[in-house]
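Protein chains: 2
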Amino acid sequence: MKIYVIGIGLIGGSMALDIKKLYPEATVCGIDANEGHLQEAIALGVVDVAGKMEDLTTADFVIVSVPVDVAMVVLPAVLEAIGDDTIVFEVGSTKAPICEAVANHPRRRNFIATHPIAGTEFSGPSAAIHGLFQGKTNIICEVERTAFKLQEKALDLFKAIGMRIRYMDPKSHDKHIAYVSHLSHISSFMLGKTVINKEKHEQDIFDMAGSGFESTVRLAKSSPAMWTPIFKQNRKQVVKTLEEYISNLTQFKDLLINEDYAAIYEEMESVNRIKEILNGINIKK
Amino acid sequence: MKIYVIGIGLIGGSMALDIKKLYPEATVCGIDANEGHLQEAIALGVVDVAGKMEDLTTADFVIVSVPVDVAMVVLPAVLEAIGDDTIVFEVGSTKAPICEAVANHPRRRNFIATHPIAGTEFSGPSAAIHGLFQGKTNIICEVERTAFKLQEKALDLFKAIGMRIRYMDPKSHDKHIAYVSHLSHISSFMLGKTVINKEKHEQDIFDMAGSGFESTVRLAKSSPAMWTPIFKQNRKQVVKTLEEYISNLTQFKDLLINEDYAAIYEEMESVNRIKEILNGINIKK
């Protein structure tokens, strides 16, 4: 089995590690615009060798795991270069733009649009870890547009690395993910900004910030190179979630200004049911 | 040694567990307005026996760990009831109001104002855990207003359970803590609200929400009974942090509306230094 990983970071690299463990005979070839990352990935044993676009014709799987703006350019080129039995998937956090970009591509049936809901706030080959996808959800869009035999091939791989499969249309995916992922990142970045701007003496933060603060700003460590194009591609949905979030924060602030503590209590109590939702997430882990 | 814990929840209960481990000969007496919590605490072995306010005169330590509005009433009553060598401390998340409340109390020198920066999103006796305070910071306010011998007694205990001590005036504490704790809780509650309001079908959230979402909304599990009075007592500071947070979110939203992606990239990159700040927090853990 021959696997190509284009963009060897957290997601591509972690998939490479799981695949190498599952299929010891597989050769994992890495392609990365960043030569340093490529060499690091080989040195870390995340991939076996450096690959070339010209060789994609011999690939069984091609994993495109690059920032979503780069994927718009790379994916069509990859589809040009592959063989008839190659299945290509892309793992970005926006799905509608990429599905549109290849909608009329002659090789569309060799492509399966996916979004593995897995990751950490870290990036680059050194962020790759074994078992990242175990029990996580992989959202697949427009599955009917992928050749049936190649769907099976991809699904077998996703299941082998422990993923639950969910099917969704690209627009619904982008709308929902804005709420449960993209908004969380912005809330975290802006929370970090608010505190950093205020607390010029970081030692004060060291001393006073606890695990609660850490938890809410963890995502502010995320890569701007990865997230800027996600916000760009999902701009309308993200703006909408931000408007709703800002309006909820403003309403809470007004309740405080008006000292309506009964309403503040009720607000918090009604959100407490997030416990059950989070338990649902934990079960997947 | 005789210890009284008034309000046996996460903080008071966890302190009781550490004290019982450190000083097996100590008797830990529990007092709680909630009879069910008191019995649960005894059943769980968090405290040894039920205590009475009348017996506080024999106490070495009295830990007041109740919601901050209740503390305003309970603490003066406790100070009336204790003996000359009893040291009383209160562990709430606001410090100026409580310090003012007992500023002129004849027993002020038997009180030490503290805020252990430790906790989880859980509450009640069952939330009590061993070693919660290990490596955490305990902020002490107006230490000079506590009798020196009793300061020593309290500090020895705090150090014995693994805490780092920091001294701060109550107003500075309340101002800083609004940024690194109170704001995080509101951002989390309102993020949870925004998503719940949108995603009526929770299964969608189960399937699409990952560890990032979980991390940013974890604090939305927190107790409204504990947090409403904190927001009330620190209202002016919390409103100020909310105004700054909302303004940063609005500015980010406007950058998106105006498609200024270079500025969006810079915003995120400049906040990435939160990594070092969080590393500082981790070192404490």
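Protein sequence lines correspond, in order, to chains A and B.
Per UniProt numbering, the first sequence starts with residue 1, numbered consecutively.
Per UniProt numbering, the second sequence starts with residue 1, numbered consecutively.
Glycine included, C-beta positions come from ideal geometry on N, C-alpha and C.
Just curious, the alpha helix (DSSP H) that residue i is in, first and last residue?
i: P106 (chain B); result: Run containing P106 (chain B): none; DSSP gives neither H nor E here.
i: N197 (chain A); result: 183-198
i: F213 (chain B); result: 211-217
i: A101 (chain B); result: 96-101
i: E259 (chain B); result: No alpha helix (DSSP H) contains E259 (chain B), which DSSP labels as neither H nor E.
i: L157 (chain A); result: 148-160
i: T58 (chain A); result: That residue, T58 (chain A), is in no alpha helix (DSSP H); it is neither H nor E in DSSP.
i: K175 (chain A); result: 170-177
i: S14 (chain B); result: 10-22
i: P224 (chain B); result: 224-233
i: E40 (chain A); result: 35-43
Given a threshold of 16 other Cβ atoms within 10 Å of its Cβ, counted over all protein chains shown, does residue i qualify as buried or as exposed?
i: I11 (chain A); result: buried
i: K285 (chain B); result: In this predicted model, K285 (chain B) has a pLDDT of only 43, less than 50, meaning its place in the structure is not dependable; the value taken from the coordinates is given anyway. So K285 (chain B) counts as exposed.
i: T114 (chain A); result: buried
i: L22 (chain A); result: exposed
i: H130 (chain A); result: exposed
i: S247 (chain B); result: exposed
i: N104 (chain A); result: exposed
i: I180 (chain A); result: In the sequence as presented, Ile is not what sits at residue 180 (chain A); that position holds Val. The residue is buried, with at least 16 neighbouring Cβ atoms inside 10 Å.
i: T86 (chain B); result: buried
i: D156 (chain A); result: exposed
i: T146 (chain A); result: buried
Does residue i get closer than 8 Å to chain A when you measure Cβ to Cβ?
i: S188 (chain B); result: yes
i: M208 (chain B); result: yes
i: L155 (chain B); result: no
i: F133 (chain B); result: no
i: I177 (chain B); result: yes
i: K171 (chain B); result: no
i: L10 (chain B); result: no
i: N272 (chain B); result: yes
i: N104 (chain B); result: no
i: V62 (chain B); result: no
i: R235 (chain B); result: yes
i: R166 (chain B); result: yes
i: T216 (chain B); result: yes
Could you name the residues of chain A that residue i contacts, counting a contact when the two beta carbons are closer than 7 Å?
i: R145 (chain B); result: What R145 (chain B) touches in chain A: nothing, since even the nearest Cβ is about 21 Å away.
i: A118 (chain B); result: G210
i: V180 (chain B); result: V195, I205, M208, A209, F213
Using the DSSP secondary-structure output, state which residues sit across from residue i in a beta bridge.
i: N138 (chain B); result: B:P116, B:I165
i: G30 (chain A); result: A:V5, A:A50
i: E90 (chain A); result: A:V64, A:A113
At 8 Å on the CB atoms, spell out the chain A contacts of residue i, in chain order.
i: E244 (chain B); result: T194, N197, K198
i: I139 (chain B); result: D207, M208
What in chain B is Cβ-close to residue i, meaning under 7 Å?
i: V238 (chain A); result: L256
i: E269 (chain A); result: P224
i: N248 (chain A); result: M190, K193, T194
i: F231 (chain A); result: L256, I264
Can you tell me where the beta strand (DSSP E) with residue i in it begins and where it stops?
i: I82 (chain A); result: Neither: I82 (chain A) is in no beta strand (DSSP E) and is coded neither H nor E.
What residues from chain A crowd round residue i, counting only those whose CB sits closer than 9 Å?
i: Y265 (chain B); result: P224, A225, W227, T228
i: Y114 (chain B); result: Residue identity differs from the one stated: residue 114 (chain B) is Thr in this sequence, not Tyr. Those within 9 Å of T114 (chain B) in chain A number zero; the least Cβ separation is about 13 Å.
Distance cutoff 8 Å, beta carbons only. Does residue i sit that close to anything in chain B?
i: F252 (chain A); result: yes
i: C185 (chain A); result: Note that residue 185 (chain A) is His in the sequence shown here, rather than Cys. Cβ-Cβ to chain B under 8 Å: yes for H185 (chain A).
i: Y261 (chain A); result: yes
i: V73 (chain A); result: no
Taking Cβ-Cβ distances shorter than 8 Å, what residues in chain B pair up with residue i?
i: K221 (chain A); result: N272, I274, K275, L278
i: T94 (chain A); result: The premise fails here: T94 (chain A) is roughly 13 Å from chain B at the closest Cβ pair, so nothing lies under 8 Å.
Anything in chain B within Cβ reach of residue i, meaning under 9 Å, just list it in chain order.
i: residue 310 (chain A); result: Residue 310 (chain A) cannot be examined here, being either before or after the span of chain A that is shown, 1 to 285.
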